[in-house]
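Visitor: Residue numbers (the numbering used here), protein chains in the order written: chain A, 3 to 362; chain B, 3 to 362.
Note that CB positions come from ideal geometry on N, CA and C, so glycine has one too.
Quick caveat, the model's predicted, so the values are computed rather than measured.
Just dropping this structure here.
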DNA sequence: GCATTAGTCGCAATCGATTGCAGACCGAGC
DNA sequence: GCTCGGTCTGCAATCGATTGCGACTAATGC
């Protein structure tokens, strides 16, 4: 349906009529053949000249003509054709659910910048945050023949998918999640971060510490929760499961989690939110209930996003370097693309104490 | 260098060893030629079968064999080759500086989702927020032969670039910025939004209204500023340029702008921040100076990002539908790609009154 | 039964860049 | 003067999907 008879005007008569303005960058990016014709050489020669960075002993006359023709034509190599021939597209695919989340966006930005520096482009997908949709995205990226894939939304305990990803004809690196069985991954030390946050609160004398623990399927959140549990156990504090609330990562999730915890018969005196955005939500919930942070409630977040430092009451948080995480993910992926092995990396975290935590 | 003798295992003997599990998607995405060989037909036939959605009168025997072969091989069409042949990649390029900004990320997400629905992929670049870097990104995208480009970071009063973009061999649509001379664009009614915000404050009795006006080069911010000026003028209030502060869009910019305004000899009683993120920064600045919002200072933001509704003191803001903006940008771009003309669109805005504004 | 029509299939060219191979050409060394 | 090593070029094949053209088959109408 809606089928045009022909795209028309392809190889027929001479150029429509813009031959009159050769000084302005041509609207039609040329081809090697055009350059070759203009310079009076074979396309292969043109190709060699243009990809050769430095001529051993000065440019030959032909080479100079090629260079000039390319300049005049505003030539841009057709990476499609090159990719087809080379079986290498210099493109990496991204599967990043929840791109609106600052953490994901920052990761994305870092990945793109690093990839560009390495001469790679980035094909982005932001599927819904379920594994089926993510696998669909992967299929799409494969069709485009990306050289490798970075994913941030892998769910924990879904090793089926992980194995399928590992069996793909291109390497896959997981970011912002601890290394699983089959896939290399780059993440910050979520476990340690969870411990740090919790121990900070314990050291301030809090014993009833709630946690807004993110979605159950989120691997990073789960590790932070585990760190929290370990810290409590290390202090011989009984685990109270009513203090653990799973919600979404967004502000709304934080509000919900905050209200849930604060409406307990015996509410916590401190809350650890496994991400800063949710922590802001908790702050709002506390405020709505007439509680003052940090006087009535201590609060720790995670990731130390820029917002956190600039809140009316600056947020105590666990800092993770998202820029480095993204860069490292790209490096590991490129290593795998170049025939090496992607290695899992864990980045250090650090507690940044600000104004939302206070001794009991 | 690093040249493998042969990719091996293509159409030769039996599959390496996983022939025992034909149900699992093969790690090597096949080619049309392989399918054709397996089904005993010509590649062109395979191509026709696979792209034909509905067989006029049932599948022919050959077609069925093709389908089965494709299934068995886990065939994924090589979009590179198809794009080369068709001179259409079904890919749109994105030039989105400042992706960490929620506004940009939300736009990006909407664009990607809409594009995917339309059968398009998205090549993302997030260059630094200057026009030179953005034009470099455009060049890169052109090399990849994208079918069209969406940009969100175009600076105002840089018509040189705008004209160059309009002269490109592929259509370009600007998003989140009023239509300029040469380019179609999709934006919300920033002018009206600026007016609404300011008039709201005026109606509450404020007469000394400061504005944290974003970077000078930002077109959307400038329009909001203009709306602010118009509203003041309509109320016969003298323009006081010391009440206009240009900063970055991020929280830090808001903090800076807030402090600047609040440290004036005669500080404003209300502030309009042209984006919510900066508004949060202003709130922090006020808090740091011992001022209470909204008792001592009224505050209006712009964009109504999800965070705003869930702040301890929910932010009054001008709502713009970023999801729709992204979707519309894609629609207009696709229209242009299909040979039509991209039309500029302006989306309505609405004031959402919450708790940061109060009568004087 | 024969001619017309519609649909199917194979052939080969095409999109544009890349690269192995082989011939041409250069200067140098004997 | 001749040969050797090295560089520059051209030729042609290749990557994989698509499509116009022509041949062939099947179905329909008279």
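Which runs of the beta strand (DSSP E) at least 3 residues long sit entirely within the region 260-307 of chain A? Give them in chain order.
Guide: As far as the region 260-307 of chain A is concerned, its whole beta strand (DSSP E) runs of at least 3 residues are 272-275 and 300-305.
Visitor: Determine the direct distance from the alpha carbon of residue 121(B) to that of residue 365(B), and round the result to whole angstroms.
Guide: Outside the modelled stretch of chain B, which goes from 3 to 362, sits residue 365(B), for which no answer is possible.
Visitor: Is the beta carbon of residue 180(A) closer than 8 angstroms to that of residue 233(A)?
Guide: Going by C-beta atoms, residue 233(A) is not nearer than 8 angstroms to residue 180(A).
Visitor: Is the CB of residue 102(B) under 8 angstroms away from at least one CB in chain A?
Guide: It does: the Cβ of residue 102(B) has a partner Cβ on chain A nearer than 8 angstroms.
Visitor: Within 10 angstroms of the Cβ of residue 241(A), are there 16 or more other Cβ atoms? Answer buried if so, exposed if not.
Guide: So residue 241(A) ends up on the exposed side.
Visitor: Any idea what DSSP makes of residue 180(B), helix, strand or coil?
Guide: Residue 180(B) falls in the coil class under three-state DSSP.
Visitor: Are the CB atoms of residue 310(A) and residue 322(A) nearer to each other than 8 angstroms?
Guide: No. Outside cutoff.
Visitor: Quick check: the region 162-170 of chain A against the region 111-128 of chain A, are at least 3 beta-carbon pairs closer than 8 angstroms?
Guide: Judged by Cβ distances under 8 angstroms, the region 111-128 of chain A makes no contact with the region 162-170 of chain A, as fewer than three pairs qualify.
Visitor: Chain B partners of residue 124(A), CB-CB under 8 angstroms?
Guide: Within chain B, the residues near residue 124(A) are 125, 126 and 127.
Visitor: Can we say the region 62-79 of chain B touches the region 90-100 of chain B, given the rule of at least three CB pairs closer than 8 angstroms?
Guide: Output reads no: the region 90-100 of chain B does not touch the region 62-79 of chain B.
Visitor: Whole angstroms are fine: how far does the CA of residue 197(A) sit from the CA of residue 272(A)?
Guide: Between residue 272(A) and residue 197(A), the C-alpha separation is close to 14 angstroms.
Visitor: If contacts are defined as beta-carbon pairs under 8 angstroms, then residue 83(A) and residue 40(A) qualify, I think. What distance do you get, rounded to the angstrom?
Guide: The Cβ separation is near 19 angstroms, so there is no contact.
Visitor: Can you tell me which of the three DSSP states residue 257(A) falls into?
Guide: Here residue 257(A) sits in helix by DSSP.
Visitor: Can you check which of these residues, 293(B), 38(B), 178(B) and 146(B), is closest to residue 265(B) by C-alpha distance?
Guide: With distances taken between Cα atoms, residue 265(B) lies closest to 293(B).
Visitor: Taking CB distances under 8 angstroms as the criterion, tell me whether residue 289(A) reaches chain B.
Guide: With 8 angstroms as the cut-off, residue 289(A) counts as an interface residue toward chain B.
Visitor: May I ask you to report which of helix, strand or coil DSSP gives residue 315(B)?
Guide: Three-state DSSP puts residue 315(B) in coil, outside helix and strand.
Visitor: Below 7 angstroms CB to CB, which residues in the same chain sit around residue 128(B) once its five sequence neighbours on both sides are set aside?
Guide: Once the five neighbours on either side are set aside, the close Cβ partners of residue 128(B) are 98, 99 and 101.
Visitor: So, is the C-beta of residue 144(A) closer than 8 angstroms to a C-beta in chain B?
Guide: Closer than 8 angstroms: yes.
Visitor: Do you know how far the Cα of residue 342(B) is from the Cα of residue 25(A)?
Guide: Its pLDDT being 42, under 50, residue 25(A) is placed unreliably in this model, and the coordinates cannot settle the point.
Visitor: Anyone know if the C-beta pair for residue 150(B) and residue 172(B) falls short of 8 angstroms?
Guide: Closer than 8 angstroms, so yes.
Visitor: Grouping DSSP H, G and I as helix and E and B as strand, with all else coil, what is residue 249(A)?
Guide: Looking at residue 249(A) - three-state DSSP - the assignment turns out to be coil, as it is neither helix nor strand.
Visitor: State yes or no: is the C-beta of residue 133(B) within less than 8 angstroms of the C-beta of residue 160(B)?
Guide: Closer than 8 angstroms, so yes.
Visitor: Residues in the region 238-270 of chain A with C-beta within 9 angstroms of chain B's C-beta atoms, listed in sequence order?
Guide: Listed by position, the residues of the region 238-270 of chain A near chain B (Cβ gap below 9 angstroms) are 252, 253, 254, 256 and 257.
Visitor: Helix, strand or coil: how does DSSP classify residue 95(A) here?
Guide: Three-state DSSP puts residue 95(A) in a strand.
Visitor: Is the region 270-284 of chain B touching the region 242-255 of chain A in the sense that three or more CB pairs, one from each, lie closer than 8 angstroms?
Guide: Flag = no, the region 242-255 of chain A and the region 270-284 of chain B do not touch.
Visitor: Taking the alpha carbon of residue 357(A) as the reference point, which residue from 68(B), 275(B), 31(B) and 290(B) has its own alpha carbon closest?
Guide: It is 290(B).
Visitor: Going by alpha carbons, who is nearest to residue 300(B) out of 229(B), 113(B), 140(B) and 355(B)?
Guide: Minimum Cα distance to residue 300(B) is reached at 355(B).
Visitor: Can you say whether residue 80(B) is buried or exposed, counting buried as having 16 or more other CB atoms within 10 angstroms of its CB?
Guide: Residue 80(B) comes out buried.
Visitor: What's the C-alpha gap between residue 77(A) and residue 143(B)?
Guide: Computed Cα separation, rounded: 13 angstroms.
Visitor: Using 8 angstroms as the threshold, is the C-beta distance between residue 190(B) and residue 335(B) below it?
Guide: Contact flag unset, no.
Visitor: What separation, rounded to the nearest whole angstrom, lies between the Cα atoms of residue 154(A) and residue 47(A)?
Guide: For residue 154(A) and residue 47(A), the distance between alpha carbons rounds to 43 angstroms.
Visitor: If you reduce the DSSP assignment to three classes, tell me which class residue 146(B) lands in.
Guide: Coil.
Visitor: Spell out whether any CB of chain A is found under 8 angstroms from the CB atom of residue 110(B).
Guide: Yes, its Cβ sits closer than 8 angstroms to a Cβ of chain A.
Visitor: Residue 254(A) and residue 312(B) - do their beta-carbons sit closer together than 8 angstroms?
Guide: Yes, Cβ-Cβ distance for residue 312(B) and residue 254(A) is below 8 angstroms.
Visitor: Among residues of its own chain, excluding the 5 on either side of residue 199(B), which ones have a beta-carbon nearer than 6 angstroms to its beta-carbon?
Guide: Contacts found: 274, 302 and 320.
Visitor: Tell me the DSSP bridge mates of residue 110(B)?
Guide: For residue 110(B), which the question treats as bridged, DSSP gives no partner whatsoever.
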